[in-house]
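Student: According to my numbering, the sequence shown is numbered sequentially starting from -3.
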Amino acid sequence: RILLKQQNGDISEGPEAFQTSEVEKTNNTKLKSQKSEENIVCDVCGKQFSKRSYLKNHTTTHTGEKPFGCDVCGQKFTKKSSLNLHIRIHTGEKPFGCDVCGKQFRRRSGLKSHTRIHTGEKPFCPFFCEVCGKQYSSRNHLKVHTRVNTGEKPFCCDVCGKRFRYNSHLKIHTTTHTGEKPFGCDVCGQRFTQNSSLTVHKTIHRGDKPFGCDVCGHKFNQKSSLSRHILVHKGEKPFRCVVCGKRFTFKSDLNAHILIHTEEKPYECDICPKRFTGNKTCGFKKLPMTKNHNHSQNKLHKCEVCGQTYMRVTL
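1) Which residues does DSSP list as the beta-bridge partners of Lys298?
2) Taking the straight line between their C-alpha atoms, what separation do you get for Val369 and His257?
3) Quick one: what's got a C-beta closer than 6 angstroms to Arg102's C-beta in the same chain, skipping five residues either side?
4) Measuring straight from C-alpha to C-alpha, what distance separates Asp204 and Gln131?
5) Grab the span of the alpha helix (DSSP H) containing Lys230 for me, first residue to last.
6) Run the CB neighbour count on Phe124, radius 10 Å, all protein chains shown included, and call it buried at 16 or more, exposed below.
7) Could you check the C-alpha separation between Lys270 and Asn251 for me, to the nearest Å?
8) Please identify the residue among Asp182, Glu259 and Cys156 whose C-alpha is closest to the C-alpha of Thr172.
9) Could you check where the alpha helix (DSSP H) with Thr111 kicks off and where it finishes?
10) Grab the span of the alpha helix (DSSP H) containing Val140 for me, first residue to last.
11) Check the Cβ-Cβ distances between Gly98 and every residue of chain B, and say whether any is below 8 angstroms.
12) Taking just the CA atoms, how far does His253 sit from Pro178?
13) Between Phe312 and Lys233, which are expected to be in contact by the criterion C-beta below 8 angstroms, what is the C-beta distance as a whole number of angstroms?
14) Which residues mark the beginning and the end of the alpha helix (DSSP H) in which His165 is found?
15) Can you check whether the CB of Phe73 is closer than 8 angstroms to the CB of His82?
16) Do you know whose CA, among Pro122, Cys97, Ser134 and Glu126, lies nearest His114's CA?
17) Lys118 by DSSP, collapsed to three states: which one?
18) If you follow the alpha helix (DSSP H) that Thr87 is part of, which residue opens it and which one closes it?
19) Could you check how far apart the C-beta atoms of Leu107 and Cys121 are, in whole angstroms? I think they sit under 8 angstroms.
20) Just to confirm the assignment, what range does the alpha helix (DSSP H) spanning Thr57 have?
21) Going by Cα to Cα distance, which pick from Cys268, Asp182 and Ser223 is closest to His86?
22) Do Tyr162 and Val144 have their CB atoms nearer than 8 angstroms?
Laid out in C-alpha cells, this is it:
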C-alpha cells in the first residue's frame, strides 16, 4: 500500500513517512483489538459483548451466582452495581432530582423518564412488536414482551413448579413459600414482600393521591386503581360469564358471579355457621356479604320447651 502511494505521489519519504506508517500500524492494532473485543461471545446464549469484563458479569445470569449480599435484608445480587442501587431502598437515598418540580429519584433512568412529563418528549423506540405493534426503546425489552405473544415462561419455581414469564415475578412468588417480607413501613411497621408494595402503602400515611380522573376528578394513590376506575366511565365490560352471558367491568366481579352458578360458598360467618359466596366489592373497598347478616337481631337458639329464641346459649 505504501509503494502504491509512493508511485502516485501521495506519500513522502524520510522521517515524516516513517511517522505516518507508525500511526497506521497503531491504528491497525487498535482496530484489530476492537474487532477481537466485538467477537467476545457468551457460550451459553450467544450474546456478544464489547469487553470481556461485560461477559464475565453476564455469565452470572446463567450460573445463578450472586456474590453480593445486602447486609440489611440479605437479598443477593449478581452485580455490585445492583447491590448499590438496592441499598438506596433501605437508606432512602434519592440522588437524582428533577430541576422542574424537585421530585427525587433513586435511579438516573427514573429521572430521565420523569422529565418527559415536563418536556412532552416521546422516547425513541426503534424496536416494535410485529404482532401487536407495541414499540420499545431496546431490543431486550422487545424480547421480553414477545413472551406475552408466544406464551413462553422460562422461569420456574423450584418448590411448586409454577412457571413465570419474568424473573422478577418468580422472585416475588418465592416469598410465598419462604414467608419473607424484607420491606417494612417506618410508620406502622407493616411488612411487605416487595418494595413496590411498600411504596404504595406509604401513600396511605402521606395521603398522596397523585393520579386523578379527568372525567370526575376522583383521585387515587395508584395508577392501576385509576385505570380500573376509568373503565366505569367508559362502560366497558370485557369479562363475560360463559354460563349466562352476563358481562362485568372487573374480572374479580366475574369470579364472584361464577360462584352463583357453582353454588360454592367459601366464606363462613365468624359467629354462626352461615356461609356466603364471597366479598362484595363496592367501588374499590371490599365489604362483607354479611352486611344484612346482623347478629344483633338474629336469634339462632330456640328453647325446646317454650319456643323462645335467644342470640346465644349460656350455661
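Heads up, the beta-carbon is just placed ideally off N, CA and C, and yes, glycines get one too. All figures in this text were calculated on a predicted structure; none of them were measured in a lab.
Tutor: Once the coordinates are examined:
1) The residue labelled residue 298 in the question sits at position 302 within the sequence shown. Residue pairing by DSSP puts Lys298 in a beta bridge opposite Thr305.
2) Past the edges of the chain, shown from -3 to 311, lies residue 369, and the structure says nothing about it.
3) Within the sequence shown, residue 102 is the residue found at index 106, counting from 1. The residues are Arg84 and Lys90.
4) For this step, residue 204 is matched to residue 208 along the sequence shown. For this step, residue 131 is matched to residue 135 along the sequence shown. Approximately 31 angstroms between the Cα atoms of the pair.
5) Residue numbering aside, residue 230 sits at position 234 when the sequence shown is read from its first letter. Its alpha helix (DSSP H) spans residues Lys219 to Lys230.
6) Indexing the sequence shown from 1 puts residue 124 at position 128. Classification for Phe124: exposed.
7) As a working mapping, residue 270 is identified with position 274 in the sequence shown. As a working mapping, residue 251 is identified with position 255 in the sequence shown. Take the alpha-carbon of Lys270 and the one of Asn251: they are about 21 angstroms apart.
8) If you number the sequence shown from 1, residue 172 lands on position 176. Among Asp182, Glu259 and Cys156, the Cα nearest to that of Thr172 belongs to Cys156.
9) Taking the sequence shown and counting its residues from 1, the one referred to as residue 111 is at position 115. Segment Arg104 to Thr115, the alpha helix (DSSP H) holding Thr111.
10) Here residue 140 corresponds to residue number 144 of the sequence shown, with the count starting at 1. Where Val140 is concerned, the enclosing alpha helix (DSSP H) stretches over Arg135 to Thr146.
11) Note that chain B does not occur in the displayed structure, where there is just one protein chain.
12) On the sequence shown, position 182 is the one that residue 178 refers to. On the sequence shown, position 257 is the one that residue 253 refers to. Here the alpha carbon of Pro178 sits roughly 36 angstroms from the alpha carbon of His253.
13) An answer regarding residue 312 cannot be provided, because it is not within the stretch -3 to 311 covered by the chain.
14) Here residue 165 is taken as the residue at index 169 of the sequence shown, counted from 1. Here the alpha helix (DSSP H) through His165 covers Asn163 to Thr174.
15) Counting from 1 along the sequence shown, the entry for residue 82 is found at position 86. Counting from 1 along the sequence shown, the entry for residue 73 is found at position 77. Between His82 and Phe73, the C-beta spacing is below 8 angstroms.
16) Counted from its first residue, the sequence shown places residue 114 at position 118. The shortest C-alpha separation from His114 is found at Cys97.
17) Counting from 1 along the sequence shown, the entry for residue 118 is found at position 122. DSSP places Lys118 in the coil class of the three-state scheme, outside both helix and strand.
18) Locating residue 87 in the sequence shown gives position 91, counting from the first residue. Looking at the DSSP string, the run of the alpha helix (DSSP H) that includes Thr87 is Lys76 to Thr87.
19) Against the sequence shown, residue 107 aligns to sequence position 111. Against the sequence shown, residue 121 aligns to sequence position 125. A Cβ-Cβ distance of about 19 angstroms is found for the pair Leu107 and Cys121, leaving them out of contact under the 8 angstroms criterion.
20) In the sequence shown, residue 57 corresponds to position 61, counting from 1. Secondary structure note for Thr57: its alpha helix (DSSP H) is the uninterrupted segment Arg48 to Thr59.
21) As a first step, residue 86 must be located in the sequence shown, where it is residue number 90. For the residues Cys268, Asp182 and Ser223, the minimum Cα distance to His86 belongs to Asp182.
22) In the sequence shown, residue 162 corresponds to position 166, counting from 1. In the sequence shown, residue 144 corresponds to position 148, counting from 1. Taking 8 angstroms as the Cβ cut-off, Tyr162 and Val144 do not qualify as a contacting pair.
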